[in-house]
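See below for the structure under consideration.
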């Protein structure tokens, strides 16, 4: 049984435009899959639909089934908010692109990390404080100082680490990372990719990594779904997609990435 | 999709003239802020030798670009344009400066007036620099159509509004506005980082073409080393408001000497290596 099974997913706006069309894919426990596409390809909407977080006015049809160990198998589409709350953080969780908007600016970092632990694991008092410390210690040195800080007092890379700590706090079966490094400097990006890879491997979590950057996706995933204008145009192993793409759009995507990379190679080797 | 490979930087040993733009021991501190954001910056932009400013966010790259654009005066040191200090208070001289030095910004969604037609947007420099013939407000100027053509947009684009265009096309409009007055220097702040990769390649191609055909020299802030490699002959690396390394892009990227530059080069994500056959 797949951990996540999406069948015939379509997402429409209020005025009937179809932004995601008949999308089907599945993800097994512990599998690392990349969802790649350019702006407007529907990749972020797809992840929001999986979390049951589609913005008001959007309607989804088809089926999204989450089947995480220890939790009831759930059809996300049409599920009650209460049921979804049980799933979020444990069955699946998400790290967004911009950690500054994902964190509450008026709340100390420690309190924010405590929230999912309190809600899902029902921890209180000293046990909660210890769990917050442990969660932060897994992603950062100096967890005590970070816990006391407000989001604006720490760097962008540290904020994304905090967002990852919050996402991992309740041991989710599936981590969805939606362009988690796009807003970061390239040196910080490398550290965050490393952190995600390590955490995913150690915990045997499944990863759905959403990005427009083929090189980044290929660094952390083993299988890739290529999305264009809301449609799945190609699916395959990272090596296969990068070395022998079959769809014209995938070829263009790979060609562009290669073109930029070869400019760098040529210059750096001169 | 363009099939031409991205133009590599020109060889470094060609003769160059005097600097178009120069920063001499420039320092800058925001008013009220304790420590300066830029320290002792010296660099020159030579004709035909496009320059990349590379470094982490918060390191002062954009501030430096603003100083070079004459939008802000340095706290210490001087900015020279063709050997003369910039006179921010002198309207006539600043007009001449603006005609030669134009800018393109990162976000093509916020840098174009949504209520203006493309014709009015692209002709704006002609009006504000007094280059438009009297009474015609510049909008029917043939230079507008020529600028649109040079960035690969049809002449009909002039009658439409920014929201009718995609991000890449909007960046083309912003570039058309920058080149309409035939400047010598284009200062660009992350000109392609908001764009998708396929669009990014096309805009990089366009900028390379403008360098070649219109003799533009580019000074560009970028965190993307492949874009830097494709467009800039020179690279200056900034860390904490100081230049830690500068020189030929080829040298900086192939034999980085400063630890930060080494880390930067090493952390560029790469595709899995191509198979020998391909």
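Chains as they are written, first to last, in the numbering used here: chain X, 816 to 1085; chain Z, -7 to 270. All C-beta atoms in this analysis are idealised placements derived from N, C-alpha and C, irrespective of residue type, glycine included.
task = Between the Cα of residue 109 of chain Z and those of Z/193, Z/165, Z/18 and Z/213, spot the shortest distance and give me the residue it belongs to.
result = Residue 109 of chain Z has its Cα closest to that of Z/165, out of Z/193, Z/165, Z/18 and Z/213.
Determine the chain Z residues that contact residue 1002 of chain X at a beta-carbon separation under 9 Å, and present them in chain order. Under the 9 Å cutoff, chain Z gives 48, 252, 255, 256, 258 and 259.
Cβ-based neighbour list, residue 1038 of chain X, same chain, cut-off 8 Å, excluding 5 preceding and 5 following: Within the same chain, Cβ atoms closer than 8 Å to the Cβ of residue 1038 of chain X are found at 846, 847, 848, 849, 1050, 1051, 1052 and 1053, the five residues on either side in sequence being excluded.
- Query: Hey, would you say residue 857 of chain X sits closer than 9 Å to residue 1042 of chain X, going by beta carbons?
  - Reply: It is a contact, given that the beta carbons lie within the stated cut-off.
- Could you pull the start and end residues of the beta strand (DSSP E) that residue 282 of chain Z belongs to? Outside the shown range of chain Z (-7 to 270) lies residue 282 of chain Z, about which nothing can therefore be said.
Test: residue 1044 of chain X CB closer than 9 Å to a CB of chain Z
No Cβ of chain Z is located within less than 9 Å of the beta carbon of residue 1044 of chain X.
**Request:** Return the first residue and the last residue of the alpha helix (DSSP H) that residue 1014 of chain X is part of.
**Result:** 1001 to 1018 is the extent of the alpha helix (DSSP H) around residue 1014 of chain X.
Taking the C-alpha atoms as reference points, what is the distance between residue 113 of chain Z and residue 121 of chain Z?
-> In this structure, the alpha-carbon of residue 113 of chain Z lies about 14 Å from that of residue 121 of chain Z.
* To do: Within the same chain, show all residues whose beta-carbon is closer than 6 Å to that of residue 163 of chain Z, passing over the 5 residues directly before and after it, in chain order.
  => Excluding sequence neighbours, residue 163 of chain Z sits near 100 and 195.
- Message: By DSSP's criteria, residue 212 of chain Z is part of a beta bridge. Which residues make up the other side?
- Response: For residue 212 of chain Z, which the question treats as bridged, DSSP gives the partners Z/44 and Z/180.
(Q) Counting only beta-carbon separations shorter than 9 Å, does residue 992 of chain X have a partner in chain Z? (A) Among the residues facing chain Z, residue 992 of chain X is not included, as its CB has no counterpart in that chain under 9 Å away.
Cβ atoms of residue 1029 of chain X and residue 1040 of chain X: under 9 Å apart, would you say? The Cβ atoms of residue 1040 of chain X and residue 1029 of chain X do not sit closer than 9 Å to each other.
Problem set entry | Separation of residue 1084 of chain X from residue 996 of chain X, as counted between CA atoms | If I take the Cα positions, the gap works out to 27 Å.
- Roughly how far, in whole angstroms, is the beta-carbon of residue 912 of chain X from the beta-carbon of residue 1000 of chain X, given that I think they are within contact range, below 8 Å? About 14 Å separates the beta carbons of residue 912 of chain X and residue 1000 of chain X, which is beyond the 8 Å limit, so they are not a contact pair.
Would you kindly work out how many angstroms separate the C-alpha atoms of residue 202 of chain Z and residue 174 of chain Z, rounded to a whole number? So the alpha carbons of these two residues sit roughly 11 Å apart.
- Can you tell me whether DSSP reads residue 256 of chain Z as helix, strand or coil? Per DSSP, reduced to three states, the secondary structure at residue 256 of chain Z is helical.
message = Here's a check: name, in chain order, each residue in its chain whose Cβ is nearer than 6 Å to the Cβ of residue 4 of chain Z, leaving out the five neighbours to either side.
response = Because the pLDDT of residue 4 of chain Z is 44, which lies under 50, any placement of that residue in the model is unreliable, and the number read from its coordinates should be weighed accordingly. Scanning its chain for C-beta atoms nearer than 6 Å, with the 5 sequence neighbours on each side dropped, one finds around residue 4 of chain Z the residues 240, in chain order.
Kindly list, in the order they appear in chain X, the residues whose Cβ is closer than 8 Å to that of residue 263 of chain Z. Chain-order list of chain X residues neighbouring residue 263 of chain Z: 1029, 1030, 1033, 1057, 1069, 1072, 1073 and 1076, by C-beta distance under 8 Å.
Residue burial classification, residue 1005 of chain X (beta-carbon count within 10 angstroms, cutoff 16):
Here residue 1005 of chain X is buried: its Cβ has 16 or more other Cβ atoms, across all protein chains shown, within 10 Å.
If you drop the 5 nearest sequence neighbours on each side, which residues of the same chain put their C-beta closer than 8 Å to that of residue 250 of chain Z? Residues of the same chain with a CB within less than 8 Å of the CB of residue 250 of chain Z, apart from the 5 flanking positions on each side, are 229, 231, 236 and 237 in chain order.
Margin query: Contact between the region 1061 to 1074 of chain X and the region 883 to 902 of chain X is defined here as three or more beta-carbon pairs at a separation below 8 Å; is this criterion met?
Written below: The answer is no - the region 883 to 902 of chain X does not touch the region 1061 to 1074 of chain X, with fewer than three Cβ pairs under 8 Å.
Note to self: What residue range does the alpha helix (DSSP H) around residue 823 of chain X cover?
What the structure shows: Unbroken run through residue 823 of chain X is the beta strand (DSSP E), 819 to 827; no alpha helix (DSSP H).
Worksheet entry | Rounded Cβ spacing between residue 18 of chain Z and residue 233 of chain Z (contact assumed at less than 8 Å) | Incorrect: roughly 10 Å between the Cβ atoms, too far for contact.
Using the Cα positions of residue 64 of chain Z and residue 57 of chain Z, report the straight-line distance between them to the nearest angstrom. C-alpha separation (whole angstroms): 10 Å.
**Item:** Extent of the continuous alpha helix (DSSP H) run through residue 952 of chain X
**Value:** For residue 952 of chain X, the enclosing alpha helix (DSSP H) begins and ends at 940 to 952.
ask   = Does DSSP put residue 5 of chain Z in a helix, in a strand, or in coil?
value = Note on residue 5 of chain Z: pLDDT 43, under 50, position unreliable in the model; the coordinate value appears next. Look at residue 5 of chain Z here: in three-state DSSP terms it is coil, with no helix or strand label.
Exercise. Using a C-beta cutoff of 9 Å, does residue 215 of chain Z count as contacting chain X?
Worked result: Yes - at least one Cβ of chain X is within 9 Å of the one on residue 215 of chain Z.
Inset, instruction - Under 8 Å between beta-carbons, which chain C residues line up against residue 971 of chain X? List them in chain order, please. - result: In the displayed structure, chain C is absent; the protein chains listed are X and Z.
Practice task
Tell me whether residue 7 of chain Z is buried or exposed, calling it buried when 16 or more other Cβ atoms sit within 10 Å of its Cβ.
Solution key: The predicted model places residue 7 of chain Z with a pLDDT of 43, which falls under 50 and marks its position as unreliable, so this point remains unresolved.
*the region 25 to 45 of chain Z: positions lying closer than 7 Å to chain X by Cβ*: Hits within the stretch: zero.
- Query: For residue 77 of chain Z, which residues does DSSP report across the bridge?
  - Reply: According to DSSP, residue 77 of chain Z bridges with Z/72.
> What number of angstroms, rounded off, separates the C-alpha of residue 907 of chain X from the C-alpha of residue 818 of chain X?
Replying inline: Cα to Cα, residue 907 of chain X sits roughly 10 Å from residue 818 of chain X.
Scan the region 1016 to 1028 of chain X for residues whose Cβ lies nearer than 8 Å to a Cβ of chain Z and list them as they occur along the chain.
For the region 1016 to 1028 of chain X, the set of residues with a beta-carbon nearer than 8 Å to any beta-carbon of chain Z comprises 1027 and 1028, in chain order.
Exercise for the section: Under 8 Å between beta-carbons, which chain X residues line up against residue 230 of chain Z? List them in chain order, please. Expected result: Correct list: empty, because the minimum Cβ distance to chain X is about 12 Å.
| request: Would you mind giving the Cβ-Cβ distance between residue 866 of chain X and residue 827 of chain X, rounded to the nearest angstrom? I have them listed as a contact below 8 Å. | output: The pair is not a contact, with the Cβ atoms about 18 Å apart (cut-off 8 Å).
Which first and last residues belong to the alpha helix (DSSP H) in which residue 861 of chain X is found?
Annotation: the continuous alpha helix (DSSP H) that includes residue 861 of chain X extends over 858 to 866.
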